[in-house]
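Residue numbering for the sequence shown follows the working numbering, starting at 1 and increasing by one per position. Note that CB positions come from ideal geometry on N, CA and C, so glycine has one too. One structure is given below, encoded as structure tokens.
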Amino acid sequence: MAPYSIDQQPHPDFPNLTVVSMSSPDDLIVNFIPGAGMVGSSIRHRGEEILGMRGGLASYLESGKTFGIPLLAPWANRLSANEFDGKTLVVDGTPGVHLDENGLAIHGLLSGCPDWRITRMEAVADGPEVGAHLSAELDFTADRPEFPGFPFPHLLAVTVHVHEAKVSITTAVTATTDQRVPVAFGWHPYFAPPGGDRQDWTLAKPFTHHVELDDQTVPTGEVTRVPVEVDVLGDPQAGGLTFDDLYCEVPEATEAFIEGGGRRITVSYDQGYPYGVLFAPGDQDLVAIEPMSAPTDPLAGHFPIRVAEPGETFAARYSINITDSSVRP
Numbered sequence: 001m002a003p004y005s006i007d008q009q010p011h012p013d014f015p016n017l018t019v020v021s022m023s024s025p026d027d028l029i030v031n032f033i034p035g036a037g038m039v040g041s042s043i044r045h046r047g048e049e050i051l052g053m054r055g056g057l058a059s060y061l062e063s064g065k066t067f068g069i070p071l072l073a074p075w076a077n078r079l080s081a082n083e084f085d086g087k088t089l090v091v092d093g094t095p096g097v098h099l100d101e102n103g104l105a106i107h108g109l110l111s112g113c114p115d116w117r118i119t120r121m122e123a124v125a126d127g128p129e130v131g132a133h134l135s136a137e138l139d140f141t142a143d144r145p146e147f148p149g150f151p152f153p154h155l156l157a158v159t160v161h162v163h164e165a166k167v168s169i170t171t172a173v174t175a176t177t178d179q180r181v182p183v184a185f186g187w188h189p190y191f192a193p194p195g196g197d198r199q200d201w202t203l204a205k206p207f208t209h210h211v212e213l214d215d216q217t218v219p220t221g222e223v224t225r226v227p228v229e230v231d232v233l234g235d236p237q238a239g240g241l242t243f244d245d246l247y248c249e250v251p252e253a254t255e256a257f258i259e260g261g262g263r264r265i266t267v268s269y270d271q272g273y274p275y276g277v278l279f280a281p282g283d284q285d286l287v288a289i290e291p292m293s294a295p296t297d298p299l300a301g302h303f304p305i306r307v308a309e310p311g312e313t314f315a316a317r318y319s320i321n322i323t324d325s326s327v328r329p
């Protein structure tokens, strides 16, 4: 059994980018690319990819089309209301802004950002920190070109820890000046269990507070109680399940999973993520289980927003765990 390891090498298609690869004795290989927005570009379990790749790294760099495990920061999902503490988030003409089909800014400002700095790359053989560790940070200062889109200086830091068949991702925001910083980042991991068809996948939805959305997929402020459900997705062309849904009041340690092809992929909302999004479109063979520190349109006032006070750090963690399951093709 090979020990934990971590190394780096040029990306085969984009040699100017460095891929950091972490591996565990449980036949898990996890790749992140700090120089492309700290995106998680691959998780291979027993030699098979479990992430949804969509257009891959090329589309992500060219147009911000998400794939793999993208970080959405400094705000996630759609932005309609754009004022906080008397400051306006300017999205028109600001670098890094991407618009959805309704013209709303979506998925933050840092897709593919090249300016992340690696602060730790280490494989630990034993003890309380056993595993492979990658940490990187981005100083979001007033001289950054994206700053008008989020005029709140802060340090953004991400730590990835690979242990056994589990990937834990911690994200921290530190307010670096005398300004408060609204906390609104999230992650958008796409999963595609190999070896099975989408219509046979089982999705566990543990969320009980459904946020109603308008025709622009923006929250109305209304919340509906819904039951916990575990369902086979089925054929979307024959009445099967699809999702593009937001949930609130997600308790810490809540677990959602997608299961198929002999694997269960579990996402645990370990701490700091009281909102969740499920995205399972009918025309793509993937499911996204998304931990969110704030709701869609976070500054609209429908829901309380967390802040990092001057000098304060807010941190959140979620994890992805891959196990065997009885659901096989």
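Extent of the continuous beta strand (DSSP E) run through residue i
{"i": "G108", "result": "Taken as a continuous stretch (DSSP letters only), G108 belongs to no beta strand (DSSP E), as it is neither H nor E."}
{"i": "Y275", "result": "275 to 280"}
{"i": "G133", "result": "According to the sequence provided, residue 133 is His. The question's Gly does not apply to it. Counting along the chain, the beta strand (DSSP E) containing H133 begins and ends at 131 to 140."}
{"i": "Q9", "result": "5 to 10"}
{"i": "V91", "result": "Looking at the DSSP string, V91 is not in any beta strand (DSSP E), and its letter there is neither H nor E."}
{"i": "M121", "result": "117 to 124"}
{"i": "P219", "result": "219 to 225"}
{"i": "N31", "result": "28 to 33"}
{"i": "S41", "result": "39 to 45"}
{"i": "L241", "result": "Unbroken run through L241: none, as it is neither H nor E."}
{"i": "D197", "result": "Segment: none, D197 is in no beta strand (DSSP E) and carries neither H nor E."}
{"i": "E212", "result": "209 to 213"}
{"i": "E249", "result": "Note, E249: premise wrong, no beta strand (DSSP E); not H, not E."}
Limits of the unbroken alpha helix (DSSP H) element including residue i
{"i": "Y60", "result": "56 to 63"}
Straight-line gap, residue i to residue j (C-alpha atoms, nearest Å)
{"i": "A74", "j": "A172", "result": "The residue asked about is misnamed: residue 74 is Pro in this sequence, not Ala. Looking at the two C-alpha atoms, the distance is approximately 11 angstroms."}
{"i": "R198", "j": "P3", "result": "34 angstroms"}
{"i": "T208", "j": "E83", "result": "30 angstroms"}
{"i": "P34", "j": "V158", "result": "10 angstroms"}
{"i": "M53", "j": "V267", "result": "18 angstroms"}
{"i": "F334", "j": "L213", "result": "Absent from the model: residue 334. The displayed extent of the chain is 1 to 329, so no value can be given."}
{"i": "F150", "j": "E101", "result": "22 angstroms"}
{"i": "E312", "j": "F152", "result": "13 angstroms"}
{"i": "A238", "j": "A132", "result": "44 angstroms"}
{"i": "P291", "j": "L203", "result": "16 angstroms"}
{"i": "T94", "j": "P145", "result": "7 angstroms"}
{"i": "F140", "j": "A294", "result": "19 angstroms"}
{"i": "L51", "j": "F191", "result": "4 angstroms"}
{"i": "S63", "j": "H98", "result": "8 angstroms"}
{"i": "P274", "j": "A253", "result": "10 angstroms"}
{"i": "P15", "j": "T170", "result": "27 angstroms"}
{"i": "P227", "j": "I320", "result": "23 angstroms"}
{"i": "T323", "j": "S168", "result": "15 angstroms"}
{"i": "S24", "j": "H163", "result": "6 angstroms"}
{"i": "F243", "j": "D283", "result": "11 angstroms"}
{"i": "D231", "j": "F67", "result": "25 angstroms"}
{"i": "G221", "j": "T119", "result": "40 angstroms"}
{"i": "L334", "j": "H210", "result": "Nothing about residue 334 can be reported from this structure: the residues present for the chain run from 1 to 329 only."}
{"i": "G40", "j": "L72", "result": "12 angstroms"}
{"i": "P114", "j": "G96", "result": "12 angstroms"}
{"i": "F147", "j": "D235", "result": "44 angstroms"}
{"i": "E259", "j": "V124", "result": "30 angstroms"}
{"i": "E359", "j": "G276", "result": "With the chain covering 1 to 329 only, the question about residue 359 has no answer from this structure."}
{"i": "L134", "j": "D7", "result": "10 angstroms"}
Residue from the options whose Cα sits closest to the Cα of residue i
{"i": "S326", "options": "R263, I118, V267", "result": "R263"}
{"i": "P128", "options": "L99, H107, H161, D139", "result": "H161"}
{"i": "G195", "options": "L71, V39, A165, L286", "result": "L286"}
{"i": "V20", "options": "D27, H11, E146", "result": "H11"}
{"i": "V250", "options": "K205, G103, Q284, A165", "result": "K205"}
{"i": "D126", "options": "S5, F303, F257", "result": "S5"}
{"i": "A165", "options": "T176, W187, D143, V130", "result": "V130"}
{"i": "V181", "options": "R44, Y60, L299, N77", "result": "L299"}
{"i": "R44", "options": "G56, M38, A58, D26", "result": "D26"}
{"i": "A175", "options": "D200, H188, A142, W187", "result": "A142"}
{"i": "I265", "options": "G276, P193, I29, R306", "result": "P193"}
{"i": "A184", "options": "T296, H302, L57", "result": "T296"}
{"i": "P219", "options": "R78, I69, I29, Q9", "result": "R78"}
{"i": "G261", "options": "E49, F32, G37", "result": "E49"}
{"i": "F32", "options": "G112, F314, F303, Q271", "result": "G112"}
{"i": "I29", "options": "L134, G276, R46, E137", "result": "R46"}
{"i": "L61", "options": "G37, A76, I69, V307", "result": "G37"}
{"i": "R317", "options": "D270, H302, P304, G301", "result": "D270"}
In DSSP terms, what residue i is bridged to
{"i": "T18", "result": "P10"}
{"i": "G260", "result": "R263"}
{"i": "F147", "result": "F147 pairs with nothing; no bridge assigned."}
{"i": "T159", "result": "S135, T170"}
{"i": "L71", "result": "W187"}
{"i": "P182", "result": "V307"}
{"i": "S24", "result": "L28"}
{"i": "H154", "result": "F140, A175"}
{"i": "D231", "result": "L203"}
{"i": "L79", "result": "A105"}
{"i": "E48", "result": "H45"}
Complete beta strand (DSSP E) runs within the stretch 282 to 329 (minimum length 3 residues, chain order): 287 to 292, 313 to 324
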